[in-house]
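Undergrad:
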Amino acid sequence: MDKIEFPKFYCPFPSAVNPHVEAVNDHTLAWVKKFDLVPDEGHFEHLKKSKFGWLAARAYPNAPLEELKIVSDWNTWLFVFDDHCDESGLGRNPTLLSDIHADLLDILKGRAPEQNDSALAHALHDIRLRLLHKASPAWMCRFVYSVIEYFESSVWEAHNRADGVIPDAATYILMRPYTGGLYTDIELIDITEDIYMPLHVRKNDVVQRLALMTNNVVCWSNDIISYAKESRCNDVHNLVAILRPTQPSLQKTVDLVAELTNTEINAFIELQLQLPSYTPQIDADLQRFVAVLHSWMRGNLDWAYDSGRYAAGAADWKKENLGVSFFAGLN
C-alpha cells in the first residue's frame, strides 16, 4: 500500500476520560475471559491492546460505573463478533450470517441460552439481563431495533462480498451509519445519562440529523484510520476504498475523506444551534444527549490513536496530527 500522510482532523470538542476507565477496562477483559469470547491467548492479547474500555470511557465520560461496564462490554461484543465474521468467512456467507443473527436476536428478545449456544449468545444474554435492570421495556424495544438494523446492514455487506459487488459512494454513505453499529451506542445514551426524551423529541429533525452527523464523523474517520487493516483483507466497505478510483492518488482520496469529515463536523456545530426548546427538563436532557455526541466524535479519534486495534494505521499517524490543528477551536 502507498505511504500516506494522515490528515489533520478538525474536532473542537473537549477530550475527556471517565474516572472509572481502569476499573471498566479491567472488568471487560475479565468479562471476555468469563464468557470465553476469544479462541486463544493471541487473540486475547490483541483485544487487550485494543483498549475497548477506554473507548467507552472516552465516549461516555460522565457515565456511572455499572452503566459504563455495560457499554464497554457491548462494544467489545460488537468488535469480537465483527472479527469473528472476518476470520471465519462468515462475513462472506449472507445465508449463514442471517441464521446466526436470528439466533442472537432471539437471545436479545428474551430466550435463555442453552448449553450448546455460542459464547457470543451467552455473553449477549448477560448484557440483556443487565440492561433490563436499567431500562424500560420501550427502551429495550428501541435498542433491539437498532441491533436489527446493524445485523441487516452486515448481511448487506456479506451479499456484496459474496457477489463481488462494490457499492457506489451514495449507497455506501447511506448504509455506513448502520454497518458501524453506532446507532446502538446512541440509544445507550439514555442509559448512561439517565435521561428520557419523548418520541416527538427523539424524532425531531434536528435531533435525528445530529445523530446521523455524529455517525458519519465517527465512521468516516474510522475508514481513514482502518484503511490499511481493511485493505489487507481486500474489504471494499471503506469510504477511502470506494472513492479511490475517482481520485488521482491514495493521498488525495484520504484527504478528500478527511475534508468530508471536517465539513460534517462544521455542519454539526451549526445545526446544534437550531435545537428546539421544550420544557426545562427535556432541554437539559437534550443538552446532555448532545454532549455525549460530542464525546463520541472526539473520543473515538483519541481512542483510535491510543488503541492497538488499528496499529498499522496509527503507526503512520504522526503525533502532530493530534496537535494544534487537530484541536483547532478547542478552548
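To convert, take the position in the sequence shown, counting from 1, and add 1; that gives the working numbering.
Ideal Cβ placement from N, Cα and C applies to all residues, glycine included.
(1) Going by beta carbon distance, what residues of the same chain come within less than 8 Å of Trp73, once the five residues before and after it are set aside?
(2) With a threshold of 6 Å on Cβ separation, who are the neighbours of Phe144 within its own chain once the five nearest residues in sequence on each side are excluded?
(3) Is it buried or exposed, Gly300, if we count other Cβ atoms within 10 angstroms and call 16 or more buried?
(4) Taking a contact to mean a Cβ-Cβ separation below 9 Å, would you say His102 touches Thr180 in this structure?
(5) Compute the Euclidean distance between the alpha carbons of Pro95 and Asp284, then round it to the nearest angstrom.
(6) Alpha carbon to alpha carbon, what distance is there between Glu42 and Leu48?
(7) Under 9 Å, do Asn76 and Thr193 count as touching if we go by C-beta distance?
(8) Is it buried or exposed, Glu1, if we count other Cβ atoms within 10 angstroms and call 16 or more buried?
(9) Could you round the C-beta distance between Ile226 and Val255 to whole angstroms and report it? I think they count as a contact, below 8 Å.
(10) Excluding the five sequence neighbours on either side, which residues of its own chain have a C-beta within less than 6 Å of the C-beta of His21, listed in chain order?
(11) Tell me, to the nearest whole angstrom, how far the beta carbon of Leu294 is from that of Arg210; I am working on the premise that it is less than 8 Å.
(12) State the CB to CB distance for the pair Met298 and Val218, rounded to an integer number of angstroms; the pair is presumed to be in contact (CB under 8 Å).
(13) Looking at the unbroken alpha helix (DSSP H) that takes in Val208, where does it start and where does it end?
(14) Please report the distance separating the alpha-carbon of Ala229 from that of Ser99.
(15) Apart from the five residues just before and just after Thr262, which ones in its own chain have a Cβ nearer than 6 Å to its Cβ?
(16) Which residues bound the alpha helix (DSSP H) around Ile71?
(17) Comparing C-alpha positions only, which one of Tyr151, Ala170, Phe36 sits nearest to His126?
(18) Starting from the C-beta of Trp78, find all residues in its chain whose C-beta is less than 8 Å away, skip the five residues before and the five after it, and write them out in chain order.
(19) Any idea if Ile243 is buried or exposed, counting beta-carbon neighbours within 10 angstroms, 16 or more meaning buried?
(20) I believe Val202 touches Tyr279 by the beta-carbon criterion, under 8 Å. Please report the beta-carbon distance rounded to the nearest angstrom.
(21) Under 8 Å Cβ to Cβ from Val291, same chain only, skipping five residues before and after it: list those, please.
(22) Can you give, in chain order, each stretch of the alpha helix (DSSP H) that sits fully within the stretch 110 to 174 and has at least 4 residues?
(23) Consult DSSP for Tyr334 and reduce its assignment to one of helix, strand or coil.
(24) Would DSSP call Lys253 helix, strand or coil?
(25) What do you reckon, are the CB atoms on Leu97 and Ile174 nearer than 9 Å?
(26) Rounding to the nearest angstrom, what Cα-Cα distance links Leu106 and Asn205 in this structure?
(27) Report buried or exposed for Pro114, applying the criterion of at least 16 other Cβ atoms within 10 angstroms of its Cβ.
(28) Within its chain, find whatever has a CB closer than 7 Å to the CB of Ala170; leave out the 5 residues flanking it on each side and keep chain order.
(29) Quick one: grab the DSSP three-state call for Thr280.
TA: Let me lay it out:
(1) Reading off the sequence, residue 73 comes out as Ser, not Trp. Cβ within range, chain order: Val25, Asn26, His28, Thr29, Phe53, Gly54, Leu56, Ala57, Ala58.
(2) Glu188
(3) buried
(4) no
(5) 43 Å
(6) 10 Å
(7) no
(8) Residue 1 is absent from the model: the chain starts at 2 and stops at 332.
(9) In fact, because the Cβ distance is near 10 Å, the residues do not count as touching under 8 Å.
(10) Leu66, Leu69
(11) That pair is no contact at about 11 Å.
(12) 5 Å
(13) 206 to 226
(14) 28 Å
(15) Val218, Trp221, Ser222
(16) 66 to 89
(17) Phe36
(18) Leu38, Leu121, Ala124, Leu125, Ile128
(19) buried
(20) 6 Å
(21) Leu211, Gln273, Leu276
(22) 120 to 133, 138 to 164
(23) In the structure as shown, the chain begins at 2 and stops at 332. Residue 334 is therefore absent and cannot be evaluated.
(24) helix
(25) no
(26) 28 Å
(27) buried
(28) Ile243, Leu244
(29) coil
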